[in-house]
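Undergrad: Pasting a structure here, questions to come.
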Amino acid sequence: MNKSVLVRLLIVLCIIVSLTAVATAQEPVEFVVRVGESFTQLDVTIQAPSNGHTTLMLGIHEPLIRLEADGSFSPALATDWSISDDGLIYTFNLREGVTFHDGTPWNAEAAVWNIQAGMSEEIGQSSIADYAPIESVEAVDEYTVQVNLSYADAKMLTVFTAGTNPMALMVSPTAYETMGPDEYAAHPVGTGPYQFVSWEPGVEVVVERYPDYWGEIQGNADRVIHRVIVDNSAATLNYQSGDVQVMYPAQATELPLMQSVDGTVVETVTVGFVELGLNTQIPPFDNIHNRRALRYAIDVNPIIALVYDGYAQPARGFIPPSSYSYSEDAPDLITRDLDAARAELEAAGNPDGFSFEVSVVAQPYRIQTLEIMQASLAEVGIELIIQSNERARHLEILRQTPNEANAGFIQILRFQPTPENYLITQAGCNPANLLSPYCTEEWEALWNQLAATPDPADRAVIIQQLDQMVMRDAISLPYVYPEIPLVYRGDLLDNVGLNGYGFLDWVDVIVKG
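According to this note's numbering, the sequence shown holds residues 18 to 530 in order.
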């Protein structure tokens with residue numbers, strides 16, 4: 018081979034190597050998050066809060082202000098805010114230089130559109146109740162918005178954080194009006210650090226970093242894939258194969274398989290409770306002594322060991338440890354005491370016990386829980402009859418009016434940034450849980466005091482008092498705080514955790530080099 022040919026070959030080889038290096042360098046930094054539910058659409062205006070949906074949307078959209086884990090507030094699309102002395106006027110100074118992902122500006126006009134949309138029956142399906150106190154909203158100038166309330170509500174700032182109100186996540190008015198509701202529901206446009214790229218229903222949602230994002234984030238991923246894998250066993254297989262790097266929530270019983278993967282990190286978060294909802298309007302649970310007998314007779318330890326594989330702790334009330342209003346000093350009212358249970362049955366007038374039915378969704382771990390309860394309750398003569406139902410029928414039973422069900426298996430496993438939401442499903446004159454309406458003068462007075470108290474520390478004290486009030490009267494039986502596992506590849510990822518809303522903070526995940 019002559020020298021000139023050799024030189025040309027070397028040049029070609031160098032070009033190929035260089036191009037390969039460039040292509041490799043340009044490969045996007047990405048990771049995959051498992052989503053345990055199938056999205057029906059991607060529109061915050063019509064989607065009631067759910068874990069997977071809200072987790073995704075908190076990276077695409079942003080609220081006026083953010084909620085921190087301790088109940089405090091921090092700036093987001095509003096740099097600061099003020100509240101009038103009478104609590105009726107909220108003024109927000111908006112962040113300048115922000116654009117939506119379609120390039121349109123974020124300003125007072127956009128903020129007013131979003132809040133008014135949330136107030137309307139046409140658009141604000143997921144937020145109209147949260148915005149009920151708002152009488153009007155107006156743009157004072159290009160970057161100042163004034164919200165006028167018809168009555169004071171101390172939790173109103175929380176409404177603007179998107180903690181419980183998805184419409185607080187600002188959408189592009191131009192995109193929504195141009196595309197229309199149906200098309201927009203598949204193409205969300207916000208101001209967040211990541212912008213929507215694609216959605217394959219039942220498979221995955223892909224987002225990419227928005228190059229003109231106004232702020233800074235800790236995460237370094239160019240692309241994040243939210244992969245839908247509803248079945249827990251299938252999700253575990255995807256994790257073992259390396260196709261998924263983050264699992265939240267993960268199934269506790271699947272942890273040994275996931276921990277077999279090198280580099281796996283397991284953390285747990287306690288975000289809610291599981292309860293036996295009791296119908297306090299009809300026998301046998303219209304009698305407080307029967308309710309207390311049930312509480313004393315149930316043994317939660319085998320439930321924690323066998324159903325949750327140790328990933329749970331005995332409940333002390335309706336406020337879980339993840340909430341800033343949780344108190345470790347709260348009296349333990351759920352300790353098993355068979356002598357006390359028998360004394361309560363005697364006081365109720367049925368010393369030999371009683372029988373009752375429990376509606377439950379036909380899932381193995383739920384049935385197993387009730388079977389364990391059956392055994393412990395039988396020791397004092399209480400017969401628990403399992404009524405296994407499909408989910409739709411179970412919900413129908415719990416929501417019927419008047420309610421003729423004795424009891425129901427209920428899970429509240431979604432983190433509530435506003436802690437009183439854990440209680441509103443249990444008590445009050447218009448509770449969401451129709452099994453145990455609890456409307457007393459004592460409750461209403463304290464609830465009204467809470468509504469007029471803005472400081473998180475003061476609110477926490479009142480919420481603790483409300484929690485102990487309903488526990489004292491045993492209106493329902495919360496028995497465990499499940500510990501939800503967060504599993505991820507620590508050898509590949511760093512800074513994996515939850516945000517102040519109790520959802521996976523995928524935005525700040527760092528992909529290791």
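C-beta atoms are modelled at their ideal positions from N, C-alpha and C, and glycine is treated no differently.
Around the Cβ of Leu131, are there at least 16 other Cβ atoms within 10 angstroms (buried) or fewer (exposed)?
TA: Contrary to the premise, residue 131 reads as Asn rather than Leu in this sequence. The residue is buried, with at least 16 neighbouring Cβ atoms inside 10 Å.
Undergrad: How many Å lie between Thr116 and Thr96 at the Cα?
TA: The straight-line gap from Cα to Cα measures roughly 15 Å.
Undergrad: Kindly indicate which three-state DSSP category Met173 falls into: helix, strand or coil?
TA: Met173 falls in the helix class under three-state DSSP.
Undergrad: Grab me the residues of Arg359's own chain with a C-beta within less than 8 Å of its C-beta, minus the 5 sequence neighbours each way, in chain order.
TA: Answer for Arg359: Ala310, Pro368, Val397, listed in chain order.
Undergrad: Would Gln276 be called buried (16 or more neighbouring beta carbons within 10 Å of its own) or exposed?
TA: Under this definition Gln276 is an exposed residue.
Undergrad: Between the Cα of Leu323 and the Cα atoms of Ser344, Thr281, Glu388, which residue gives the shortest distance?
TA: Out of Ser344, Thr281, Glu388, Glu388 has the C-alpha closest to the C-alpha of Leu323.
Undergrad: Pick out whichever of Val157, Pro473, Asp356 has its Cα sitting closest to the Cα of Leu84.
TA: Looking at the Cα atoms, Pro473 is the closest of the given residues.
Undergrad: Under the assumption that Asn438 contacts Thr181 (Cβ atoms under 8 Å), give the Cβ distance between them as a whole number of angstroms.
TA: Right, their Cβ atoms sit about 6 Å apart.
Undergrad: Once DSSP output is grouped into helix, strand and coil, what is the label at Thr3?
TA: Only positions 18 to 530 of the chain appear in this structure, which leaves residue 3 out of reach.
Undergrad: Please state whether DSSP places Met264 in a helix, a strand or coil.
TA: Strand, per DSSP.
Undergrad: When the distance is taken between beta carbons, is Ser55 closer than 8 Å to Val245?
TA: Taking 8 Å as the Cβ cut-off, Val245 and Ser55 qualify as a contacting pair.
Undergrad: Just checking my contact of Thr285 with Pro45 at CB under 8 Å: how many whole Å lie between their CB atoms?
TA: 31 Å between Cβ atoms; not a contact.
Undergrad: Counting only the same chain and skipping the five closest in sequence on each side, list residues whose C-beta sits under 7 Å from that of Pro150.
TA: If we look at Pro150 and ignore the five residues flanking it on each side, its Cβ neighbours are Leu166, Ser167, Tyr168, Asp170, Met173.
Undergrad: Quick check on the burial criterion: 16 or more other C-beta atoms within 10 angstroms. Buried or exposed for Ala536?
TA: With the chain running from 18 to 530 in the structure shown, residue 536 is simply not present.
Undergrad: Taking contact to mean at least 3 C-beta pairs separated by less than 8 Å, is the segment 491 to 499 in contact with the segment 295 to 311?
TA: Touching, yes.
Undergrad: In chain order, which alpha helix (DSSP H) runs of at least 4 residues are fully inside the segment 44 to 117?
TA: If we require 4 residues or more, the alpha helix (DSSP H) runs fully inside the segment 44 to 117 come out as 68 to 77.
Undergrad: List the DSSP bridge partners of Trp216.
TA: DSSP, once it has assigned bridges, lists Val222 as partnering Trp216.
Undergrad: Return the CA-CA distance between Val497 and Gly197, expressed in angstroms with no decimal places.
TA: Cα to Cα, Val497 sits roughly 45 Å from Gly197.
Undergrad: For the beta strand (DSSP E) containing His243, name the first residue and the last one.
TA: Taken as a continuous stretch (DSSP letters only), the beta strand (DSSP E) holding His243 covers 240 to 245.
Undergrad: Buried or exposed for Ser189, going by 16 or more other Cβ atoms inside 10 Å?
TA: Buried, since its Cβ has 16 or more Cβ neighbours within 10 Å.
Undergrad: Could you spell out where the alpha helix (DSSP H) holding Gly425 opens and where it closes?
TA: No alpha helix (DSSP H) contains Gly425, which is instead part of the beta strand (DSSP E) from 424 to 429.
Undergrad: Kindly indicate the opening and closing residues of the beta strand (DSSP E) around Pro273.
TA: Per DSSP, Pro273 belongs to no beta strand (DSSP E); it is in the alpha helix (DSSP H), 272 to 276.
Undergrad: Please look up how many angstroms separate the CB atoms of Gln482 and Ala347, rounded, as I've assumed it's under 8 Å.
TA: At roughly 10 Å, the Cβ-Cβ gap does not stay under 8 Å, so Gln482 and Ala347 are not in contact.
Undergrad: My output table needs one value for Leu350: the three-state DSSP class, helix, strand or coil.
TA: Coil, per DSSP.
Undergrad: Determine which residues share a DSSP beta bridge with Gln330 and list them.
TA: In the DSSP output, where bridge partners are listed per residue, Gln330 has Tyr498.
Undergrad: Cβ atoms of Thr108 and Gln43: under 8 Å apart, would you say?
TA: No, the pair does not count as a contact, with Cβ atoms beyond the cut-off.
Undergrad: Hey, how far is the Cα of Val61 from the Cα of Thr72?
TA: Between Val61 and Thr72, the C-alpha separation is close to 12 Å.
Undergrad: Can you give the Cα-Cα distance for Asp525 and Tyr227, rounded to whole angstroms?
TA: Near 14 Å, if we compare the C-alpha coordinates of Tyr227 and Asp525.
Undergrad: Tell me, please, which residues DSSP counts as bridged to Glu233.
TA: Looking at the DSSP assignment, Glu233 forms no beta bridge with any residue, so it has no partner.
Undergrad: Under a three-way DSSP split, which group does Asp511 fall into?
TA: Reduced to three states, the DSSP call for Asp511 is strand.
Undergrad: Among the residues of its own chain, which have a CB less than 6 Å from the CB of Gln330, if the five just before and after it don't count?
TA: Result list for Gln330: Tyr498, in chain order.
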